[in-house]
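Enquirer: Going down the list, the sequences are from chains A and B.
First residue of the first sequence: 1, per the working numbering; consecutive thereafter.
First residue of the second sequence: 1, per the working numbering; consecutive thereafter.
Glycine included, C-beta positions come from ideal geometry on N, C-alpha and C.
There are 2 protein chains.
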Amino acid sequence: MASTAGIVVIGNEVLSGKVEEENAKFLIRELYAMGIDLMRVAFIRDDVDTIAADVRDMASRFTHVFTTGGVGSTHDDMTLTAIAQAFDVPIERNPTLHQMLVEHFGERMNEAVERMALLPRGAELCGLEELRYPIVKMNNVYVFPGVPMFLRAKFGFLRARLAETPFVLEQIFLSVSEDRFAEALTAIAGRFDDVDFGSYPRFDTDEFKTKVTVEGRDASRVAEGRDAFLAAIDPTWVVRRA
Amino acid sequence: MASTAGIVVIGNEVLSGKVEEENAKFLIRELYAMGIDLMRVAFIRDDVDTIAADVRDMASRFTHVFTTGGVGSTHDDMTLTAIAQAFDVPIERNPTLHQMLVEHFGERMNEAVERMALLPRGAELCGLEELRYPIVKMNNVYVFPGVPMFLRAKFGFLRARLAETPFVLEQIFLSVSEDRFAEALTAIAGRFDDVDFGSYPRFDTDEFKTKVTVEGRDASRVAEGRDAFLAAIDPTWVVRRA
C-alpha cells in the first residue's frame with residue numbers, strides 16, 4: 001500500500017493573492033517524483049481552529065502531512081499552537097530549539113522570539129545535524145516555513161528518507177475529442193482498479209485534441225491498461241505516444 | 001458584512017502535477033479585486049464522496065463556492081453528481097442543456113455526451129444569452145470547467161455581478177527583521193478587529209528585510225492602523241511605503 005500525503009498551506013496572504021503560492025506547487029512535483037499519493041491540498045487562513053481542524057483531519061487519514069507558513073514570531077504565526085490543539089497536547093518550550101535561538105539572536109532575544117521555541121509536547125526536531133534550522137515534526141506532520149527558499153532547502157533533507165516506488169506514466173495523444181472514446185475509457189477504467197486513467201482535452205494546439213494518461217506503480221499493469229485502451233479505439237486517432 | 005468564498009479544485013491531474021494548477025491562481029486574484037474574502041482553497045481528487053463533502057461544507061459556510069474541473073464526458077468527470085449528493089437532490093436531464101448538446105454534437109451524440117446534460121435538480125444556467133456554454137449554478141455553487149481558457153472566459157460574466165467594495169492595502173517596507181517589531185505589531189493587531197495586519201520577511205533582496213501590510217475595506221481605519229504601527233516603531237527602519 002502506497003503512502004499518502006496532504007498539504008496545508010497556511011496564510012491570509014496566499015488567499016488574498018498578495019503572495020503567489022509556490023510551496024504547494026513545489027511539493028506537488030516532489031511528492032509525485034517520490035511515489036507518494038498526494039490526496040489533498042488546502043490553502044487556509046491564519047486561524048488556530050481552522051488550522052487545527054485541517055491538520056487533525058489530514059493527519060488521521062494520510063501517511064504524511066506537510067504544513068507551510070505561520071511559523072515566524074508575529075501575531076499571525078499560529079501554526080504550532082494549532083498543531084498542539086490538533087493533537088490535544090500542550091505547547092511548551094523545547095530546550096534544544098530555545099538554545100539555538102538564544103545563540104542566534106543573542107541580545108535581540110525578546111518575548112516574540114521566545115515564542116518560536118514553543119513546540120507541541122512530543123514534537124521532534126529532524127535534521128539537527130544537517131540543517132541550519134531543524135524541521136519540526138509532530139507525529140506524522142512536518143512543519144515547514146512559508147518562505148519558499150527555506151522550504152526547498154529543508155525539504156531536500158526529507159526527500160530520500162520518504163521516497164517510495166515511483167509512478168509509471170504512459171501518455172497517448174489523440175486527434176479526436178474525448179466524447180469519441182469516453183464510453184470505452186470508462187469501461188476500461190472500471191476493470192483496472194490499480195491503474196489511474198485520465199483524459200485531458202487541449203484547445204491551444206493543433207497537434208492533438210486530447211491526451212489520455214495511464215498511470216500506476218506496477219509497470220506491467222500500466223502497459224496492460226494502455227493496450228486495452230489502444231485496442232478499444234480507432235488506431236488512426238493516435239497522433240503519438242510518450 | 002463582506003461576502004466570503006471558497007474554491008474547490010477537482011482533479012487527480014492537479015495533485016500529481018501532470019497539470020499545473022492555474023484556475024485557483026486566477027480566481028484568487030479576481031476575488032481579491034472584487035472585494036470578496038476568500039476563506040479556503042482545496043485541491044481534491046476525483047472522488048464523488050470527497051467532492052460532495054467539500055462542496056457541502058464550503059456551501060454552508062461561505063457566500064459563494066467556485067468549483068473547477070470534473071465536468072467533461074469521461075469517467076473522471078463527477079463534479080455534478082457530487083454536487084447533487086452534497087445538496088441531497090437527484091441528478092436529472094436539463095432540457096435546455098440537452099438541446100444545446102444535441103445541436104452541438106448532432107450525430108456524434110452518445111451516452112457519454114448525454115451525461116453532460118445531467119444536472120442536480122434545481123440547478124440554474126447562468127449566461128445562457130451571453131456565453132457559448134452557460135455556467136451551471138446550484139444554490140451558491142458555481143461550476144466551472146478545468147480548462148483555464150474556458151474558465152476565464154466564463155468568469156468574466158460573473159465578475160461585475162458579484163463584485164463588492166474593494167480592499168484598501170497599505171505596505172510598509174522595513175530594513176529590520178520581524179522580531180524587532182513583532183510584539184508591537186501583535187498588540188496593535190489586537191486593537192484593530194476590522195483591519196488585517198501581515199508581516200512578510202524577504203531574503204532575496206537587499207532593499208528591505210520585511211514587508212508589513214495593513215489592509216481592510218474602510219480606508220480611514222486602514223490609515224489609523226498604519227499610523228499606529230508607524231508610531232510604535234523606530235522611524236529610521238522605514239525604507240519606503242506603498
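With A:Arg40 as the anchor, note down where its beta strand (DSSP E) starts and where it stops.
Expert: Asp37 to Ile44 is the span of the beta strand (DSSP E), which, as asked, contains A:Arg40.
Enquirer: Measuring straight from C-alpha to C-alpha, what distance separates A:Asn139 and B:Asp193?
Expert: Taking the straight line from one Cα to the other gives about 34 Å.
Enquirer: Which one or two residues does DSSP pair with B:Arg108 in a beta bridge?
Expert: Bridge partners of B:Arg108: none, in fact.
Enquirer: Would you kindly report the start and end of the unbroken beta strand (DSSP E) that includes B:Thr68?
Expert: Per DSSP, B:Thr68 belongs to the beta strand (DSSP E) from His64 to Thr68.
Enquirer: Determine the chain B residues that contact A:Pro201 at a beta-carbon separation under 8 Å, and present them in chain order.
Expert: Going along chain B in sequence order, the residues near A:Pro201 (Cβ under 8 Å) are Gly72 and Val147.
Enquirer: Would you list, in chain order, the members of the segment 29 to 63 of chain B that have their beta-carbon closer than 7 Å to a beta-carbon of chain A?
Expert: Answer in chain order: Arg29, Tyr32, Leu38, Met39, Arg40, Val41, Ala42, Phe43, Ile44 and Arg45.
Enquirer: Fully enclosed by the segment 149 to 198 of chain A, which beta strand (DSSP E) runs are 3 residues long or longer?
Expert: Taking only runs of at least 3 residues, the beta strand (DSSP E) segments lying wholly in the segment 149 to 198 of chain A are 168 to 174.
Enquirer: Are the CB atoms of B:Val55 and B:Val136 within a distance shorter than 8 Å?
Expert: Going by C-beta atoms, B:Val136 is not nearer than 8 Å to B:Val55.
Enquirer: Please state if the CB of B:Ser3 and the CB of B:Ile36 are separated by a distance shorter than 8 Å.
Expert: Going by C-beta atoms, B:Ile36 is nearer than 8 Å to B:Ser3.
Enquirer: Measure the beta-carbon distance from B:Glu215 to B:Phe167 and round it to whole angstroms, keeping in mind my assumption that it falls under 8 Å.
Expert: Sure, about 6 Å apart at Cβ, within 8 Å.
Enquirer: Does any residue of chain A have a CB that is nearer than 8 Å to the CB of B:Glu178?
Expert: Yes, contact with chain A.
Enquirer: Could you tell me which of B:Asp77, B:Glu130 and B:Tyr32 sits nearest to B:Asp243, measuring between CA atoms?
Expert: With chain B covering 1 to 242 only, the question about residue 243 of chain B has no answer from this structure.
Enquirer: In this structure, does DSSP put A:Glu92 in helix, strand or coil?
Expert: DSSP places A:Glu92 in strand when its eight states are reduced to three.
Enquirer: Can you have a look at B:Asp227 and say buried or exposed, based on whether 16 or more other CB atoms are within 10 angstroms of its CB?
Expert: Exposed: under 16 other Cβ atoms inside 10 Å.
Enquirer: Could you check the C-alpha separation between A:Glu92 and B:Glu183 for me, to the nearest Å?
Expert: Spanning the two alpha carbons is a distance of roughly 19 Å.
Enquirer: For B:Leu128, count the other beta carbons within 10 Å of its own beta carbon; 16 or more makes it buried, fewer makes it exposed. Which is it?
Expert: B:Leu128 comes out exposed.
Enquirer: If you measure beta-carbon to beta-carbon, which residues of the segment 104 to 125 of chain A are closer than 9 Å to chain B?
Expert: If the cut-off is 9 Å between Cβ atoms, the segment 104 to 125 of chain A has Phe105, Arg108, Met109, Asn110, Glu111, Ala112, Val113, Arg115 and Met116 near chain B.
Enquirer: So the candidates are B:Glu22, B:Ser16, B:His64 and B:Gly11; which of them puts its Cα closest to the Cα of B:Arg159?
Expert: Looking at the Cα atoms, B:His64 is the closest of the given residues.
Enquirer: Counting only Cβ pairs nearer than 8 Å, list the residues of chain C close to B:Asn12.
Expert: No chain C appears in the structure shown, which is made up of the protein chains A and B.
Enquirer: Please classify A:Glu178 as buried or exposed, where buried requires at least 16 other C-beta atoms within 10 Å of its C-beta.
Expert: Buried: at least 16 other Cβ atoms inside 10 Å.
Enquirer: Could you run through the segment 69 to 98 of chain A and flag, in chain order, every residue whose CB is less than 9 Å away from some CB of chain B?
Expert: Cβ contacts with chain B come from Gly72, Ser73, Thr74, His75, Asp76 and Asp77.
Enquirer: Cβ atoms of B:Val9 and B:Glu21: under 8 Å apart, would you say?
Expert: Result yes, Cβ atoms of B:Glu21 and B:Val9 sit closer than 8 Å.
Enquirer: State buried or exposed for A:Pro90, treating a residue as buried only when at least 16 other CB atoms are found within 10 Å of its CB.
Expert: Exposed, because fewer than 16 other Cβ atoms sit within 10 Å of the Cβ of A:Pro90.
Enquirer: Please list the terminal residues of the continuous alpha helix (DSSP H) segment that includes A:Gly221.
Expert: Residue identity check: residue 221 of chain A is Arg in the sequence provided, not Gly. Run containing A:Arg221: Ala219 to Ala232, per the alpha helix (DSSP H) assignment.
Enquirer: Give the DSSP-derived three-state secondary structure of B:Lys18 in the structure shown.
Expert: Coil, per DSSP.
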